[in-house]
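Take a look at the structure set out below.
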Amino acid sequence: MDVGVDIKFCGLMRPEDAREAGALGAAYVGVIFAGGPRQLSPERAALVLDAAGSGVQRVGVFGEAEPHAIAQIARTARLDIAQLHGEPSADAVREVRDAAGVAVWAVVRVVTATPPEGSSQMEARIEELEQAADALVLDAYVPGQLGGTGVTFDWSVIERMARRPHIRLVAAGGLTPANVSAAIRAMDPDVVDVSSGVERERGVKDHERMRAFVAAVRQTESDS
């Protein structure tokens, strides 16, 4: 396992939580524009993200949205990265990058207990996206929801792949202080992405849990 796993705190709704993320050394902070209970307006998102400090990359999470709409939000919220859920195609990734002028992360939702043919389809999708995206985000597939569900997927799916994706890999989906070490060992990601796993209620981060998450990641690095 390579050392140097970056941390992303996502689903932020309060400046004080973003400030804590920055103080803890998070590389990325994320806000939601894809609907659901954590969605923010672009103006509110800018206020929240500003609190993390200038050294932290700003990520906006989008569902089905037109590139020009993503570009407008990215400008208002001063995003560095657009994270695309909703099974984006490689062409969609390129269109968003061209329109918004930001890096683009593409989400691949992993179905637990995927049959062999499903694994082949996922690998083909990853191969397509790694030619276009700046990173791949692996998240759990939950029907009707795009993320922030607290649901994990079978991490061994990644271990069983014919090859590791040749792209920056972001592990998401149900990560917590208790399981992030196992996820890192199984998937060897470049980034671990946590939202509900450090909340005391929806949209409100628990700073003790945030600190515990960071400590677990750093301990895993030092043990490797």
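Take the sequence shown: its letters are residues 14 to 237, numbered as in my numbering.
For glycine and all other residues, C-beta sits at the position ideal for the given N, C-alpha and C.
Open item on the list: List, from N- to C-terminal side, the beta strand (DSSP E) runs of 3 residues or more that fit wholly inside the stretch 35-68.
Closed with: 41-45
Open item on the list: Report the start-end ranges of each beta strand (DSSP E) in the stretch 211-236 that is 3 residues or longer and not cut off at the edges.
Closed with: 212-214
Open item on the list: Would Lys-21 and Val-204 qualify as a contact pair, given that the criterion is a beta-carbon distance under 7 Å?
Closed with: Taking the first residue of the sequence shown as 1, we reach residue 21 at position 8. Taking the first residue of the sequence shown as 1, we reach residue 204 at position 191. Yes, the pair counts as a contact, with Cβ atoms nearer than the cut-off.
TODO: Identify whether Arg-138 lies in helix, strand or coil by the three-state DSSP scheme.
DONE: Within the sequence shown, numbered from 1, the residue matching residue 138 stands at position 125. Three-state result, Arg-138: helix.
Task: Distance, Ala-87 Cα to Ala-113 Cα - done: Position 100 of the sequence shown, counting from 1, holds the residue named residue 113. Position 74 of the sequence shown, counting from 1, holds the residue named residue 87. Their Cα atoms are separated by approximately 7 Å.
Open item on the list: To the nearest angstrom, how far is the alpha carbon of Met-135 from that of Asp-104?
Closed with: Numbered from its first residue, the sequence shown carries residue 135 at position 122. Numbered from its first residue, the sequence shown carries residue 104 at position 91. In a straight line, the C-alpha of Met-135 is about 17 Å away from that of Asp-104.
TODO: Starting from the Cα of Arg-181, find the closest Cα among Ser-208, Leu-142, Ala-84 and give me that residue.
DONE: Position 168 of the sequence shown, counting from 1, holds the residue named residue 181. Of Ser-208, Leu-142, Ala-84, the residue nearest in Cα terms is Leu-142.
Open item on the list: Rounded to whole angstroms, what is the Cα-Cα separation between Val-121 and Ala-191?
Closed with: On the sequence shown, position 108 is the one that residue 121 refers to. On the sequence shown, position 178 is the one that residue 191 refers to. Rounded to whole angstroms, Val-121 to Ala-191 spans 24 Å at the Cα level.
- [ ] Given a cut-off of 7 Å, decide if Asp-206 and Val-183 are closer than it, judged by their beta-carbon atoms.
- [x] Translated into the one-based positions of the sequence shown, residue 183 becomes position 170. Translated into the one-based positions of the sequence shown, residue 206 becomes position 193. The answer is yes: Cβ separation under 7 Å.
Open item on the list: By the three-class DSSP mapping on this structure, what secondary structure does Val-18 have?
Closed with: Taking the sequence shown and counting its residues from 1, one reaches residue 18 at position 5. If DSSP states are grouped into helix, strand and coil, Val-18 belongs with coil.
Task: Candidates Ser-235, Ser-54, Gly-17: closest to Phe-75 by CA position - done: As a position in the sequence shown, residue 75 is number 62, starting the count at 1. Measuring from the Cα of Phe-75, the nearest candidate turns out to be Ser-54.
- [ ] Using alpha carbons as the reference points, say which of Glu-108, Val-211, His-179, Val-115 lies closest to Ala-137.
- [x] Along the sequence shown, one-based indexing puts residue 137 at 124. Measuring from the Cα of Ala-137, the nearest candidate turns out to be His-179.
Open item on the list: My output table needs one value for Val-106: the three-state DSSP class, helix, strand or coil.
Closed with: As a position in the sequence shown, residue 106 is number 93, starting the count at 1. The answer is helix: DSSP assigns Val-106 an H, G or I state.
Task: Ile-94 (DSSP reduced to helix, strand or coil) - done: By 1-based counting over the sequence shown, the position of residue 94 is 81. Ile-94 falls in the strand class under three-state DSSP.
Open item on the list: Please report the distance separating the alpha-carbon of Ile-94 from that of Gln-70.
Closed with: The residue given as residue 94 occupies position 81 in the sequence shown. The residue given as residue 70 occupies position 57 in the sequence shown. Whole-angstrom Cα-Cα distance: 7 Å.
TODO: Return the residue from the list Ser-209, Ala-145, Glu-140, Thr-233 that minimises the CA-CA distance to Val-109.
DONE: Mapped onto the sequence shown, residue 109 falls at position 96. That would be Ala-145, whose Cα lies nearest to the Cα of Val-109.
Task: Counted within 10 angstroms of its Cβ, other Cβ atoms place Glu-29 as buried (16 or more) or exposed - done: Sequence index remark: in the sequence shown, residue 29 carries index 16 (1-based). Glu-29 comes out exposed.
- [ ] Find out if the Cβ-Cβ distance for the pair Gln-96, Val-123 is shorter than 7 Å.
- [x] For the purposes of this step, residue 96 is identified with residue 83 of the sequence shown, where counting begins at 1. For the purposes of this step, residue 123 is identified with residue 110 of the sequence shown, where counting begins at 1. Not a contact, by the Cβ cut-off of 7 Å.
- [ ] Measuring alpha carbon to alpha carbon, tell me which of Ala-199, Arg-32, Glu-100, Ile-197 ends up nearest Ala-59.
- [x] Walking along the sequence shown from the start, residue 59 turns up at place 46. The candidate whose alpha carbon is nearest that of Ala-59 is Arg-32.
- [ ] Identify whether Gln-85 lies in helix, strand or coil by the three-state DSSP scheme.
- [x] The residue given as residue 85 occupies position 72 in the sequence shown. Three-state DSSP puts Gln-85 in a helix.
- [ ] In angstroms with no decimal places, state the Cα-to-Cα distance between Leu-62 and Ile-171.
- [x] Numbered from its first residue, the sequence shown carries residue 62 at position 49. Numbered from its first residue, the sequence shown carries residue 171 at position 158. If you take the alpha carbons of Leu-62 and Ile-171, they lie about 32 Å apart.
Open item on the list: Need the endpoints of the beta strand (DSSP E) that Ala-145 sits in, please.
Closed with: The count along the sequence shown starts at 1 and reaches residue 145 at position 132. Here Ala-145 belongs to no beta strand (DSSP E), and DSSP marks it neither H nor E.
Open item on the list: Quick check on the burial criterion: 16 or more other C-beta atoms within 10 angstroms. Buried or exposed for Gly-131?
Closed with: As a working mapping, residue 131 is identified with position 118 in the sequence shown. Confidence at Gly-131 is low in this model, with a pLDDT of 48, below 50, so its placement is unreliable and no value can be given for it.
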